Structures are given as C-alpha cells and as structure tokens.
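A short worksheet on the structure shown next.
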Amino acid sequence: MSGEEQASDGEKQASDGEETGSKEQVSCDEEMGSKEEVSGGGEMGNSAKHKPEERFDIYDELDRPIGTATRSEAHARGLWHHTFHCWLARRGEDGRARILFQRRSRDKDTNPDRFDITAAGHLSAGETVRDAVRELQEELGLRVSLEDLAPLGTFREQDEGFAQGVRYIDREVSEVYGYVTDRGPETFRLQREELAGLGLLLMEGSSSS
67 MSGEEQASDG
77 EKQASDGEET
87 GSKEQVSCDE
97 EMGSKEEVSG
107 GGEMGNSAKH
117 KPEERFDIYD
127 ELDRPIGTAT
137 RSEAHARGLW
147 HHTFHCWLAR
157 RGEDGRARIL
167 FQRRSRDKDT
177 NPDRFDITAA
187 GHLSAGETVR
197 DAVRELQEEL
207 GLRVSLEDLA
217 PLGTFREQDE
227 GFAQGVRYID
237 REVSEVYGYV
247 TDRGPETFRL
257 QREELAGLGL
267 LLMEGSSSS
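As structure tokens, then:
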C-alpha cells in the first residue's frame with residue numbers, strides 16, 4: 067500500500083461489540099475472521115502525572131505547515147496534524163496471521179474504550195516519524211527502530227465525536243507501518259494511561275510469511 071487515501075472509520079471506531087477492522091490492515095466480519103482473545107497484557111507501566119499538554123505541528127489542507135497548536139486546540143478546531151501508526155501481526159503455528167489490536171483507555175480524549183491500532187501516537191512539534199517510533203516502546207515495551215518496520219503508506223482521516231463530555235474533530239495525516247512478532251498479548255508491558263488491553267484477531271486465509 068502506498069500514497070495517500072482516506073482511511074476508513076474502522077481504524078478509530080472499532081468497538082468491542084462491532085469488532086470492525088481498519089481499512090489499512092483488516093476487514094473483520096463473520097466471514098473474514100474472529101477475535102480470539104483479549105488480554106490486559108503483562109506488567110503495566112506507571113502512569114504519568116501532571117504532564118504538560120502536547121503541542122503539535124499543524125498543517126493546511128495541502129499538508130503545508132502553518133504553525134503549532136496544543137492537543138486540545140487541534141482536536142477542538144479540527145486542525146490537521148501528523149501521527150504514527152503501527153500494526154503488529156503475530157505469527158501463528160498454523161501459518162495464519164493474527165492482528166493485535168489495542169483497547170484504548172477509558173480516559174482517552176478521542177474514542178475511549180474502543181479497539182484501535184496496535185500502537186499509535188501523535189508527532190509532537192518538531193518531531194519526525196523516526197522519533198515517533200518510541201510509541202511502540204512507550205505503549206507496549208517493544209524496542210524497535212524505524213528500519214525494523216514495513217512501510218504501508220500515508221493516509222488521511224477525519225473523525226468526529228464526543229469524549230469525556232467534550233466534542234472533538236480529529237484530522238490526521240498518518241504514516242502507517244507494520245511489524246511481525248512471535249509475542250502474544252500477555253507478554254507486552256502496557257502503558258496504563260493509554261491502553262486497557264490487547265486483543266488478537268484471526269484472519270482467515272492470511273499468512274504471516
């Protein structure tokens with residue numbers, strides 16, 4: 067996959083009841099696959115307290131930089147900003163791939179308590195996607211470099227809703243990557259304020275090779 071395209075609502079809107087996969091990686095329904103397990107993960111990381119609000123570089127409709135804004139301002143005004151997404155696939159002994167989904171914390175300011183990309187995060191002001199690979203270590207305790215990941219393309223997406231009683235408009239340009247691992251959900255060290263757990267989705271007819 068390459069180039070820019072509109073990402074589907076499934077990437078951010080997959081709920082526990084709907085089990086809808088992302089357009090980028092999976093399409094989950096009764097014919098394609100089923101969620102096999104949900105795990106709270108291994109050891110939980112310490113929650114950060116009193117963190118200063120993140121600040122993002124923001125962009126116009128043509129992806130030209132136009133300044134910076136705080137996270138809350140970007141989501142309140144629907145300002146375009148950049149994000150990093152990484153899907154993890156687990157090798158199965160049966161030769162089929164299982165996609166790992168994270169379950170977002172109930173305290174998140176967008177799409178709380180829903181299934182989402184395995185690891186993802188915003189690029190802070192001045193950062194590049196190489197810097198954002200840290201999300202894998204922060205959220206899952208997984209140490210990798212950008213060179214370890216498979217680039218899957220650049221996607222633009224828009225999402226609106228309410229979280230914590232506040233309306234948000236989330237407009238993102240996302241650099242998307244993939245990574246194949248042998249590890250199960252229970253082996254990861256989850257970041258408590260970001261993730262409530264991990265789930266596995268078996269894809270019929272898929273292969274991890």
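Oh and the sequence shown: position 54 is 120 in our numbering, straight run, nothing missing.
Each residue gets a CB set at the ideal place from its N, CA and C atoms; glycine is no exception.
Please read these numbers as outputs of a predicted model, since none were measured by experiment.
DSSP-derived helix/strand/coil call for residue i
i	result
glutamine 230	coil
threonine 247	strand
arginine 320	Only positions 67 to 275 of the chain appear in the structure, and residue 320 is not among them; the question remains open.
glutamate 159	coil
aspartate 236	strand
glutamate 127	coil
glutamate 241	strand
glutamate 119	coil
Reference residue i, options the options, closest by Cα
i	options	result
arginine 180	Leu267, Gly263, Leu268	Gly263
phenylalanine 228	Thr176, Arg137, Ala140	Thr176
arginine 121	Leu218, Leu212, Gly187, Gly250	Gly187
glutamine 254	Glu213, Ala185, Gln230, Val195	Per the sequence shown, residue 254 should be read as phenylalanine rather than glutamine. Closest option to phenylalanine 254, Cα to Cα, is Ala185.
serine 190	Gly219, Asp160, Ala140	Ala140
leucine 154	Arg196, Asp182, Gly144	Asp182
glycine 161	Gly265, Glu259, Val246	Val246
glutamate 306	His148, Pro131, Lys174, Gly144	Past the boundaries of the shown model lies residue 306; the chain is included only from 67 to 275, so the question cannot be answered.
valine 195	Gly231, His148, Glu252	His148
glycine 231	Pro178, Gly133, Ile132	Pro178
valine 199	Asp248, Lys117, Cys152, Ile132	Cys152
glycine 207	Glu252, Ser171, Thr220, Gly265	Glu252
C-beta contact flag for residue i and residue j at 9 Å
i	j	result
glutamate 241	phenylalanine 150	yes
glutamine 257	glutamate 205	yes
isoleucine 124	alanine 135	yes
leucine 202	arginine 209	yes
arginine 164	leucine 267	yes
glycine 250	arginine 156	yes
Supposed close pair residue i, residue j - CB separation, criterion 8 Å
i	j	result
arginine 233	tryptophan 146	That pair is no contact at about 18 Å.
glutamate 223	isoleucine 235	Not confirmed; about 12 Å, so no contact.
valine 239	aspartate 126	With 8 Å as the limit, valine 239 and aspartate 126 do not qualify as a contact, their Cβ atoms being about 11 Å apart.
leucine 218	glycine 244	5 Å
glutamate 119	arginine 137	6 Å
| request: Tell me the start and end of each unbroken beta strand (DSSP E) in the segment 163 to 218 that is at least 3 residues and wholly inside, in chain order. | output: The qualifying runs are 163 to 170, 185 to 188.
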